Amino acid sequence: MALSRREFLRCCGAIAAAFGIGVSEAAPGERGMAGSAPHEKTTSVHGRILRTHESAYARLKARGSQYSCHAENREQWQAWREQFHRDLVRELGPNPGEVPLRPEVLERTDQGDYLREKVIFDSEPFMSVPAWVLTPKGIAPGERRPGVLCGHGHGHGKNGVVGLGPDGQPQEDYNHAIAVHLVRQGYVTIAPDWRGFGERADSEEWIPREWVDCEKSCDIIYLTVGYFGFHMLNLELWDGRKTLDYLLTRKEVDPARLGCIGCSFGGTMATYLSALDERIKVAVICCYMSTLDDALGFRRTPGYCGVQYMPGLAKYGDISDVATLIAPRPLMVQSGERDTCFVKEDATVAAQRVQRAYQVIGEAEKFEFDLFPGVHEIDVPAAVHWFRRWL
Numbered sequence: 021m022a023l024s025r026r027e028f029l030r031c032c033g034a035i036a037a038a039f040g041i042g043v044s045e046a047a048p049g050e051r052g053m054a055g056s057a058p059h060e061k062t063t064s065v066h067g068r069i070l071r072t073h074e075s076a077y078a079r080l081k082a083r084g085s086q087y088s089c090h091a092e093n094r095e096q097w098q099a100w101r102e103q104f105h106r107d108l109v110r111e112l113g114p115n116p117g118e119v120p121l122r123p124e125v126l127e128r129t130d131q132g133d134y135l136r137e138k139v140i141f142d143s144e145p146f147m148s149v150p151a152w153v154l155t156p157k158g159i160a161p162g163e164r165r166p167g168v169l170c171g172h173g174h175g176h177g178k179n180g181v182v183g184l185g186p187d188g189q190p191q192e193d194y195n196h197a198i199a200v201h202l203v204r205q206g207y208v209t210i211a212p213d214w215r216g217f218g219e220r221a222d223s224e225e226w227i228p229r230e231w232v233d234c235e236k237s238c239d240i241i242y243l244t245v246g247y248f249g250f251h252m253l254n255l256e257l258w259d260g261r262k263t264l265d266y267l268l269t270r271k272e273v274d275p276a277r278l279g280c281i282g283c284s285f286g287g288t289m290a291t292y293l294s295a296l297d298e299r300i301k302v303a304v305i306c307c308y309m310s311t312l313d314d315a316l317g318f319r320r321t322p323g324y325c326g327v328q329y330m331p332g333l334a335k336y337g338d339i340s341d342v343a344t345l346i347a348p349r350p351l352m353v354q355s356g357e358r359d360t361c362f363v364k365e366d367a368t369v370a371a372q373r374v375q376r377a378y379q380v381i382g383e384a385e386k387f388e389f390d391l392f393p394g395v396h397e398i399d400v401p402a403a404v405h406w407f408r409r410w411l
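The letter at position 270 of the sequence shown is residue 290 when you use my numbering, and the numbering goes up by one with no holes.
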C-alpha cells in the first residue's frame, strides 16, 4: 500500500503517540527543501513501517524540530552552546592517542610566486598524514602570516586543493585550487590528505579500485575502525587538529590567525573542525550546509557516508547546530544555485538558522550566506574576500 507524505506522517504520529512523543511537519518557512513531492515515495504494509530508511525518517520526524538552538539572548545561547558542545564531544567517542609529530619535508618545489612543499607527520601511534604546504615568497625575517587549512572533499585527495590531478599534473576540479589562490594573497596554506583519500587511499587488495574515492570506500573504513571503538569522523577531526598543530610549528605562521575552508566532505570537515577547535578564527563552509531532514529524506540518495556523518547528532540537534558552535567567529556559508548534492533550498533553511544565532548574540556582521550562481564547487572570489576581511 503506497502512502502519500501526509499519510506517512500520520502513520509516524500514530506510532510516536504510543511512546508519548509528538510528530510535526516542517515548520513554517522551512518547506521546499524536503517538504513536497520528493517525500511522497513511501511504502507501508497495514500501517506499519518495514524499511530502515523509512524507519529512520519517521524517527526523525517524531522529534519535531531538529534544530536545537532556540536561544533568545546571548546568555541562553552560551548555555546551549556549552551543553551541545559536550554532547558532540561525547558522541564522537575516543581519540587515538598523542604522539610526537616527527615532521619531515619530502619534497620542495619553486612555483614562481610561492613555494610548494610536501610534508608528512604522525598524528597518532598508527597513522601518518601527508600534506601540501604552500608558502608565499617575500616573508621578512621574523614576520608571521595567517595560515589556512584547506580541506578536500571526495575525489583524489589533497591534490585538487593545490591545482593538481591524481597524477601530479596541473588539473582543476571543484576545489578550484583554493590553496593556490590564498597563498597568492599572502596566506600560508596547508592541504592534508584525509583518511581514505589521495596517498591514504587503501590498496586495491583491500578496497576494489572502483570503490576508491567514493562513498563505498568511506563505509568500509568506517566499519574497519569501528572494530577498535572509533568513529571515523572523529579520527578525521583528530588528523585535522594535528594538521593545525603542525602548521603552528612553522615559524612563518601566526598562531593567532588560523582559518579553515572546505567543499563537500571538505565542508563537513570545515564545519566540525571549526566548531570544535577554537584556534580556527575564520571559517568558510562550501556546499555542505544542510539539514538532517534532507539527508534522511526521499529527495536523493543519502548525502552522507562513513566519514561524513556525526554519530548521535539527531539526538541533540541538526547540522546547522554544529555550524552555530562556530559563532561568534566569522563564518561564511556558500551554496551553489545549481548544486544537486546539497541543494540551495535546504542550504538556505540551514543557513538562516545559523544566521539567526549570530543575530541573537549581536554578531550579525560576522555571518554571511553566499548563494552564488554555480554548482557543487568553491566560490573562490567570495571566499578570498572573506578571509581578507577577517583574517
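All residues carry an ideal CB built from backbone N, CA and C; glycine is no exception. Small disclaimer: the values here were computed from a predicted structure and weren't measured.
Nearest candidate by alpha-carbon position, reference residue i, set the options
i: Gly214; options: Tyr207, Val208 and Asp222; result: The question names Gly, but residue 214 is Trp in the sequence shown. Trp214 has its Cα closest to that of Asp222, out of Tyr207, Val208 and Asp222.
i: Arg270; options: Phe141, Asn93, Leu80 and Ala334; result: Phe141
i: Val363; options: Ser310, Thr155, Arg204 and Val125; result: Ser310
i: Ala370; options: Leu184, Ile381 and Phe387; result: Phe387
i: His174; options: Tyr308, Trp410 and Arg128; result: Tyr308
i: Asp341; options: Gly67, Leu80 and Leu108; result: Leu108
i: Arg101; options: Cys306, Val181 and Leu296; result: Leu296
i: Asp265; options: His251, Thr288 and Pro212; result: Pro212
i: Glu219; options: Val395, Val245 and Gly177; result: Gly177
i: Asp338; options: His73, Tyr87, Gln205 and Arg165; result: Tyr87
i: Arg358; options: Val200, Gln375, Gln328 and Pro393; result: Pro393
i: Pro123; options: Gly323, Leu135 and Lys262; result: Lys262
i: Ser237; options: Gly132, Glu74, Glu224 and Val181; result: Glu224
i: Glu95; options: Thr244, Val380 and Glu298; result: Val380
i: Leu333; options: Cys283, Arg71 and Leu80; result: Leu80
i: Gln328; options: Glu118, Cys283, Ala99 and Asp366; result: Cys283
i: Thr72; options: Arg83, Thr368 and Phe318; result: Phe318
i: Gln372; options: Thr360, Thr344, Cys361 and Glu397; result: Thr344
i: Leu278; options: Tyr242, Leu391, Val208 and Ile240; result: Val208
i: Leu121; options: His251, Leu268 and Asp274; result: Leu268
i: Arg128; options: Asn115, Glu111, Val149 and Thr155; result: Thr155
Cβ neighbour criterion (16 or more within 10 Å) applied to residue i
i: Val400; result: buried
i: Trp152; result: buried
i: Pro145; result: exposed
i: Ala276; result: exposed
i: Arg51; result: No answer about Arg51 holds up, because its pLDDT of 32 lies below 50 and its placement is not dependable.
i: Gly103; result: The question names Gly, but residue 103 is Gln in the sequence shown. By the neighbour-count rule (16 or more Cβ atoms within 10 Å), Gln103 is not buried but exposed.
i: His90; result: exposed
i: Ala377; result: buried
i: Ser355; result: buried
i: Val168; result: buried
i: Ala57; result: At Ala57, the pLDDT of 34 sits below 50, so the modelled position is not reliable; the number obtained from the coordinates is stated separately. Exposed.
i: Leu126; result: exposed
i: Ala315; result: buried
i: His66; result: exposed
i: Gly287; result: buried
i: Arg408; result: exposed
i: Ala347; result: buried
i: Thr368; result: buried
i: Val395; result: exposed
i: Tyr134; result: buried
Cβ separation of residue i and residue j, assumed to be a contact under 8 Å, to the nearest whole Å
i: Val302; j: Pro228; result: Not really, about 40 Å apart at Cβ, beyond 8 Å.
i: Ile305; j: Val353; result: 5 Å
i: Gly326; j: Asp239; result: 4 Å
Coil, strand or helix - residue i by DSSP
i: Val327; result: coil
i: Glu388; result: strand
i: Thr288; result: helix
i: Ala46; result: In this predicted model, Ala46 has a pLDDT of only 36, less than 50, meaning its place in the structure is not dependable; the value taken from the coordinates is given anyway. Coil.
i: Gly317; result: coil
i: Leu411; result: coil
i: Asp366; result: helix
i: Ala334; result: helix
i: Gln191; result: coil
i: Gly218; result: helix
i: Trp152; result: strand
i: Thr344; result: helix
i: Cys170; result: strand
i: Arg349; result: coil
i: Val273; result: strand
i: Met252; result: helix
i: Gly279; result: strand
i: Ser355; result: strand
i: Val400; result: helix
i: Thr360; result: coil
i: Leu70; result: coil
i: Arg83; result: coil
Residue i CB to nearest heavy atom of the ligand NAD below 7 Å
i: Asn115; result: Looking at this structure, you won't find the ligand NAD or any other ligand, since it has none at all.
Cβ pair count under 8 Å reaching 3, the segment 382–396 against the segment 288–298: no
The segment 188–196 touching the segment 123–141, judged by at least three CB pairs closer than 8 Å: no
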